[in-house]
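Trainee: Those protein sequence lines, which keep their order, are chains V, H and X. Under full-length UniProt numbering, the first residue of the first sequence carries the number 1, and numbering increases by one thereafter. Under full-length UniProt numbering, the first residue of the second sequence carries the number 1, and numbering increases by one thereafter. Under full-length UniProt numbering, the first residue of the third sequence carries the number 1, and numbering increases by one thereafter. Glycine residues also receive a C-beta, built at the ideal position from the N, C-alpha and C atoms. The structure presented is a predicted model; accordingly, all values stated were derived computationally and were not measured.
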Amino acid sequence: MIPELVVSDVTVRFAGLVALDSVSFTVRPGSTHALIGPNGAGKSTCFNVLSGVYRATSGSVRFGDAELTASRPHQVAALGVARTFQNIALSPRLTVRDNLMLGRHRLTRSGFVSAGLRLPSARREAARHGARVEEIAEFVGVAGVLPTPVGLLPYGTQKRVELARALCMEPRLLLLDEPVAGMNGEERREMAELIVSVRESLGISILLVEHDMGMVMRIADSVTVLDFGRRIADGVPDEIQRDPEVIRAYLGDIEESAS
Amino acid sequence: MTTFLELLVNGISVGAVYALIALGFVVIFKATEVVNFTHASLLLAGGFLVAKLHPALGFWLALAAGVAGAALVGALIEFLIIRRARVGSHGVLAIVTIGVDILLTTELTREIGTDVLALGDPWRDQVLHLGPIMIAETRVVALGVAAALITAFLLAFKFTGWGVAMRATAEDAETAALMGVRLGRVSLSAWAVAGALAAIAALFLCVFPTPGLDRSTTAAAMKAFPAAILGGLDSTTGALAGGLIVGVTEALMSGYQSQLAFLGRGIGDAAPFLVMIAILLFRPAGIFGTKELARV
Amino acid sequence: MSRRSRWITLGAVWGAVVVAAVVAPFYLEGFWLQTGLFAMSAAVGAIGINLLTGATGQLSLGHAFFLAVGAYAYVYLSTDVGLPTPLAAVVAVLLAGAAGGAFSPIAGRLKGAYLGIATLALIFGGQHVLFNAEPLTGGYNGRAVPPMELFGFVFADSPGLVLLNVPFGALERLWFLGLVVLAGAAAFARGVLRGRPGLAMNTIRDHEIAAGVMGVPVARYRAGVFVLSSMYGGLAGVLVALVFQRAVPDYFGFLLSLDYLAMIVIGGLGSVAGAVIGAVFVSLLPQLLTRYSDALPLVAEPGSGGVSPAEAARILYGAAVVTLVLFLPGGLLGLATRLRRVIPRIKELRWLNSAPAPASRR
């Protein structure tokens, strides 16, 4: 079962600066929801609150029955919330396979003793999850580079590996922080297709931060717009595109949305 | 009561000296994010130069040479090693400074050998009587000099272009560089300033009632590490507070050693480290340290 | 090289190492046996700190403390409590782990070099206890270490034993114990590093936040690795005590902790093989310099005022740490890996010396 993600009245303050000002929105189960806004609007802060990296000053984030604002990052992960990072956060010296295996961390159990002694249970677990990792790598299109250290791969491929690692957590909610940032047109199109097929084949909820408006309008079911930490609009893409306040917020930032 | 006051004044004086060392340590950390384990050997280098040069140059010139020398050693470490180490993590850089420390300390302690070197200071073993309190003149001078240096330093940190560049770099090195701050200069000057401060500290750690500069001076210098971290590695105020806490703790624990016999001999030397642990248990980032906000 | 021939080469190399290690006591004199044993115990300790510092990115200057816990706990448990020596050794290792666990509120919450400074407290606090808790530790003079006795076999000079015309004293016997312990410790660490915990540790080192978001309880892992590395330290302490036959507080000071950090940087951060190579290098260097000091320029006899072998060794490996990080970040292990990649290409070039050089990959 995929639960709803309900963000209500979340406020985040850093030393007098209000990064998020009572923001609310809801991600419906199985939908693709986009979070957009000019630079500095608070999108990344919002993601950091959702994944337990930042503590909200007030407000609540509920994922089904669980309250995320009171959880540490690994507890959020245990609920089946996965995320990718705007700047790639992989281990460059580890192979793609090892990076993906880390995604299985929450689903596996072997600890220091069983791994150190190479107990049969640990070996079986590694083999079983290794097979699943290969399936996911195949799905994301990085199966060919499984034995390659991540640091040697081109940027676009690393972005895919990040997505694959998040999928390896078998998430119920996937948070994607600018998945196509820095990619060329062809790579962007492929990534957008991949995101659509993730949603279609896995049926999970996706929350997406992205600057590429064309892509957002194509793949998102609903959109929340932030500006200076406040929510200025929320609705389906068609409404958002016509919303005067959104247009105003973006006018000062035309280059950004055009790029 | 008199004993307590004497110990307290002594503790504050020694603490001010620790604060000088810790301040240099914090400045390097703020400017380069490197935890500098060479600090004890910088101090030893400064003290050693003063000890070797004062018979020929006289004390004041020797002191100037020691300060300049330690500043130069600091700057050289930055220029020749830290700047050139292309490693991703600051943890590895910390290990590099440990390597440098091994080199410097081994060579300096070898030069010193089993000797105890006098620094030729003009205060000798004179004692000042302030009412019932007796205190070594060196301690009074140490307190005065440390206070003056710390004030000057904090003012410079706040108001000069150098200070602004330093603080901007600590805040966000990349943006500072884009705004025209020369990171190389900032980091070089941080190391030089830290070296100079350490040399002054060396002087006061080695004068009366301490017999002089010897192998154990590094151990004394190491007490600046807990001073820096318990105050907060990224806080100059923290370095001051940390220095004072360490100095006073050490003085009191040593002074009341006979009453604290159950804690064992030499508890004064271990006490600063135990206080550090006690504080870190409650405030992992130190008293004045900022909890690092992750940027992702 | 094909996969098959690589396996054959690898097997041959390992075979040679094993054979050399087994026959060594029959040929080496006591001095080198003792040096070898120190290197083995250092290797065990270095594997431990490499798990912490190399693989997880947590600096520790307190490793010597855990060696002290292991060594003294072994002495105390076997002599004063009267536990059988193998049991005393096991409990000593567990106690070292418990000491590491007691430090976990700090070890779990502080990261990187911060932790390094905090661990100085272990050294200075530890030294204080070692010198003052005389009934337990014997104070300044330390305590004698009872020899290990395993199923009636005593790891000491008496009762005498002669094997293939070679008198088998304490060192010869301990040699094999050391080999077994080291092999076990290395295999365990390798399993940890290659398994689920190793991936979590590496990710904490490379990107702490990503590790947390991927479901790794970062603080718990940091504390856990600290405990594990303490146990390796304790095991190294038991071994070194058995070889040295005396535990003295001076040995377990700050300099020993620095030695361990030097080992893993020189050998290669984050791997078992790197730790072992670095431990052998750092342990052997002063002994080599001592043995051949008269033949070496610059190095003087101990006590003659010049650079003593111990000092020369220290300067050399201090310099090695700095130069390796500057020029060869992978340590000696990284160098070996690079050579392995380059040498076959050089051979190729020789065969094709008339043909144009193949395009370089870089």
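Return helix, strand or coil for residue 157 of chain X, following the three-state DSSP convention.
Mentor: Residue state, collapsed to three classes: coil.
Trainee: Beta-carbon separation of residue 69 of chain H and residue 49 of chain H under 7 Å?
Mentor: Yes; because the gap between Cβ atoms is below 7 Å, this pair is in contact.
Trainee: Whose C-beta lies closer than 7 Å to the C-beta of residue 209 of chain H among residues of the same chain, with five residues either side of it excluded?
Mentor: Result list for residue 209 of chain H: 136, in chain order.
Trainee: Nearest to residue 309 of chain X by alpha carbon, out of X:80, X:318 and X:296?
Mentor: Per the Cα distances, X:296.
Trainee: With respect to the beta strand (DSSP E) encompassing residue 218 of chain V, which residues constitute its N-terminal and C-terminal limits?
Mentor: Note, residue 218 of chain V: premise wrong, no beta strand (DSSP E); alpha helix (DSSP H) at 213-219.
Trainee: Taking only the alpha-carbon atoms, compute the straight-line gap between residue 257 of chain V and residue 250 of chain V and give it to the nearest angstrom.
Mentor: With a pLDDT of 47 at residue 257 of chain V, under the threshold of 50, the predicted position of this residue should be treated as unreliable, though the coordinate-derived value follows. The alpha-carbon atoms of residue 257 of chain V and residue 250 of chain V are separated by roughly 7 Å.
Trainee: In the DSSP assignment, find the unbroken alpha helix (DSSP H) run with residue 136 of chain H in it and report its ends.
Mentor: Element bounds for residue 136 of chain H: not the alpha helix (DSSP H) but the beta strand (DSSP E), 133-136.
Trainee: Got a sec: which bits of the stretch 204-215 of chain X sit with their beta carbon under 7 Å from any beta carbon on chain V, in order along the chain?
Mentor: So the close ones are 206, 207, 209, 210, 212, 213, 214 and 215.
Trainee: How is the alpha helix (DSSP H) around residue 206 of chain X delimited, first residue to last?
Mentor: Residues 196-206.
Trainee: Go through the stretch 80-166 of chain H residue by residue and report every complete run of the beta strand (DSSP E) that reaches 3 residues or more, in order.
Mentor: Runs found: 127-130 and 133-136.
Trainee: Using a Cβ cut-off of 8 Å, pull out every chain X residue sitting near residue 297 of chain H, in sequence order please.
Mentor: One cannot answer for residue 297 of chain H here, as it falls past the ends of chain H, which runs 1 to 296.
Trainee: Tell me whether residue 41 of chain X is buried or exposed, calling it buried when 16 or more other Cβ atoms sit within 10 Å of its Cβ.
Mentor: Residue 41 of chain X is buried by the Cβ-count criterion.
Trainee: Identify the contact partners of residue 197 of chain X in chain V, using a Cβ-Cβ distance below 7 Å as the criterion.
Mentor: Going along chain V in sequence order, the residues near residue 197 of chain X (Cβ under 7 Å) are 111, 112 and 115.
Trainee: At 7 Å on the CB atoms, spell out the chain H contacts of residue 125 of chain X, in chain order.
Mentor: Within chain H, the residues near residue 125 of chain X are 270, 273 and 274.
Trainee: Start and end of the beta strand (DSSP E) containing residue 206 of chain V?
Mentor: Segment 205-209, the beta strand (DSSP E) holding residue 206 of chain V.
Trainee: Can you list, in chain order, the residues of its chain with a C-beta nearer than 6 Å to that of residue 50 of chain X? Leave out the 5 residues immediately preceding and following it.
Mentor: The answer, listed in chain order, is 264 and 275.
Trainee: Note the first and the last residue of the continuous alpha helix (DSSP H) segment covering residue 239 of chain H.
Mentor: Its alpha helix (DSSP H) spans residues 236-255.
Trainee: Quick one: measure Cβ to Cβ for residue 208 of chain V and residue 220 of chain V, integer angstroms, because I've assumed they're closer than 8 Å.
Mentor: About 7 Å; that satisfies the 8 Å criterion.
Trainee: Under 7 Å, do residue 312 of chain X and residue 288 of chain X count as touching if we go by C-beta distance?
Mentor: No, they are not a contact pair.
Trainee: Would you list the residues sitting across from residue 166 of chain X in a DSSP beta bridge?
Mentor: Its beta-bridge partners are X:163.
Trainee: Compute the beta-carbon to beta-carbon distance between residue 23 of chain V and residue 46 of chain V, rounded to the nearest angstrom, for a pair I have assumed lies under 8 Å.
Mentor: So it is a contact: roughly 7 Å between Cβ atoms.
Trainee: Between residue 140 of chain V and residue 163 of chain V, how many whole angstroms is the CB-CB distance? I'm expecting something under 8 Å.
Mentor: Indeed they touch by this definition, with Cβ atoms about 6 Å apart.
Trainee: What's the gap between the Cα of residue 252 of chain X and the Cα of residue 127 of chain X?
Mentor: Cα to Cα, the separation comes out at about 8 Å.
Trainee: Quick check: is the beta carbon of residue 102 of chain V nearer than 7 Å to any beta carbon in chain X?
Mentor: It does: the Cβ of residue 102 of chain V has a partner Cβ on chain X nearer than 7 Å.
Trainee: So for residue 208 of chain H, helix, strand or coil by DSSP?
Mentor: Coil, per DSSP.
Trainee: Residues of chain C with CB under 8 Å from residue 188 of chain X, in chain order?
Mentor: Protein chains in the displayed structure are V, H and X, and chain C is not among them.
Trainee: Could you run through the stretch 144-165 of chain X and flag, in chain order, every residue whose CB is less than 7 Å away from some CB of chain V?
Mentor: So nothing in the stretch comes that close.
Trainee: In this structure, does DSSP put residue 20 of chain V in helix, strand or coil?
Mentor: Note: residue 20 of chain V maps to strand in three-state DSSP.
Trainee: State buried or exposed for residue 155 of chain V, treating a residue as buried only when at least 16 other CB atoms are found within 10 Å of its CB.
Mentor: Burial call: exposed.
Trainee: Determine the chain V residues that contact residue 50 of chain X at a beta-carbon separation under 7 Å, and present them in chain order.
Mentor: Within 7 Å Cβ-Cβ: nothing; residue 50 of chain X doesn't reach chain V, min ~14 Å.
Trainee: Taking residue 63 of chain V as part of the beta strand (DSSP E), name the residues at either end of that continuous run.
Mentor: Its beta strand (DSSP E) spans residues 58-63.
Trainee: Just confirm the distance between the C-beta atoms of residue 220 of chain H and residue 287 of chain H, as a whole number of angstroms; I'd bet it's less than 8 Å.
Mentor: Not confirmed; about 23 Å, so no contact.
Trainee: Out of curiosity, what's the CA-to-CA distance linking residue 208 of chain X and residue 14 of chain V?
Mentor: Approximately 21 Å between the Cα atoms of the pair.
Trainee: Can you find a CB in chain H that lies within less than 7 Å of the CB of residue 106 of chain X?
Mentor: Yes, its Cβ sits closer than 7 Å to a Cβ of chain H.
Trainee: Measuring alpha carbon to alpha carbon, tell me which residue in H:63, H:80, H:17 and H:6 is nearest residue 129 of chain H.
Mentor: Residue 129 of chain H has its Cα closest to that of H:6, out of H:63, H:80, H:17 and H:6.
Trainee: Please name the residue or residues paired with residue 36 of chain V in a DSSP beta bridge.
Mentor: Note: residue 36 of chain V sits in a beta bridge opposite V:225.
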